[in-house]
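Chains as they are written, first to last, in our numbering: chain A, 5 to 120; chain B, 2 to 109. Following: one structure in structure tokens, then a few remarks.
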Amino acid sequence: EPEVTQTPSHQVTQMGQEVILRCVPISNHLYFYWYRQILGQKVEFLVSFYNNEISEKSEIFDDQFSVERPDGSNFTLKIRSTKLEDSAMYFCASRGTSSRGSYEQYFGPGTRLTVT
Amino acid sequence: GQSLEQPSEVTAVEGAIVQINCTYQTSGFYGLSWYQQHDGGAPTFLSYNALDGLEETGRFSSFLSRSDSYGYLLLQELQMKDSASYFCAVRQAGKLIFGQGTELSVKP
């Protein structure tokens, strides 16, 4: 069964450093998302991406964040200057064209980002 | 503001039936989804309701009442492997807004 993959599984970085989190969505999907989950809390929407541009972004997704689809398979999230509060699990998700009556986003296994 | 309310934890025994409720107040509503998450791993899709009524998928069913801004997930014939966190999530156009999650513990 096709799945979303993410690398690395765990990233440790120092405050102020740049990080790039990588995702390979399911191959025929057109809609891509990043979410984050701070330990013990709910999953929070960051950004959605369609047709090579951002569709929507949350208040969390400020100027320090950017997304890119550099080629036909990868989807990346960059944090320019990490802060301690960016420590969280970051999930990538993708979605195909909705089948009738359904709306399913497929989530990757996540990248645990630890900022020290 | 936007809010989704669900119980923080529920405990049940193997073989039992459990219902996890979700009430929501959001600006914009396309439908209600349910996701399962084991130990902080990838959230896994369980069900989606866009219209009022009951959707059944095997041991899991989900219900929606749009007029009451309320839905629930019903898990039948509970198994130990059902111990996990369950999140309701409102679909707003192209994004999901998640609730805080319900930790389900299934005891022998």
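All C-beta atoms in this analysis are idealised placements derived from N, C-alpha and C, irrespective of residue type, glycine included. Source: prediction; values computed, not measured.
- Residue pairing of M93(A) in beta bridges, as defined by DSSP: Q41(A), R116(A).
- Cβ-Cβ distances below 6 Å link P109(B) to E15 in the same chain, with the five nearest sequence neighbours on each side left out; the list follows chain order.
- Per DSSP, A51(B) lies in no beta strand (DSSP E) segment and is marked neither H nor E.
- Taking a beta-carbon distance threshold of 8 Å, R92(B) counts as an interface residue toward chain A.
- Look at the beta carbons and you see the region 95-102 of chain A touching the region 30-38 of chain A: at least three pairs across the two are nearer than 8 Å.
- Relative to the Cα of I30(A), the nearest Cα in the group S106(A), K87(A), E7(A) belongs to E7(A).
- Taking C-alpha positions only, R26(A) is separated from L5(B) by approximately 30 Å.
- Checking the DSSP bridge columns, you'll see H14(A) partnered with R116(A).
- In this model, F69(A) and L50(A) are separated by some 9 Å (Cα to Cα).
- Under the three-state reduction of DSSP, K87(A) is assigned to coil, being neither helix nor strand.
- By the 16-neighbour rule on beta-carbons within 10 angstroms, S28(B) is exposed.
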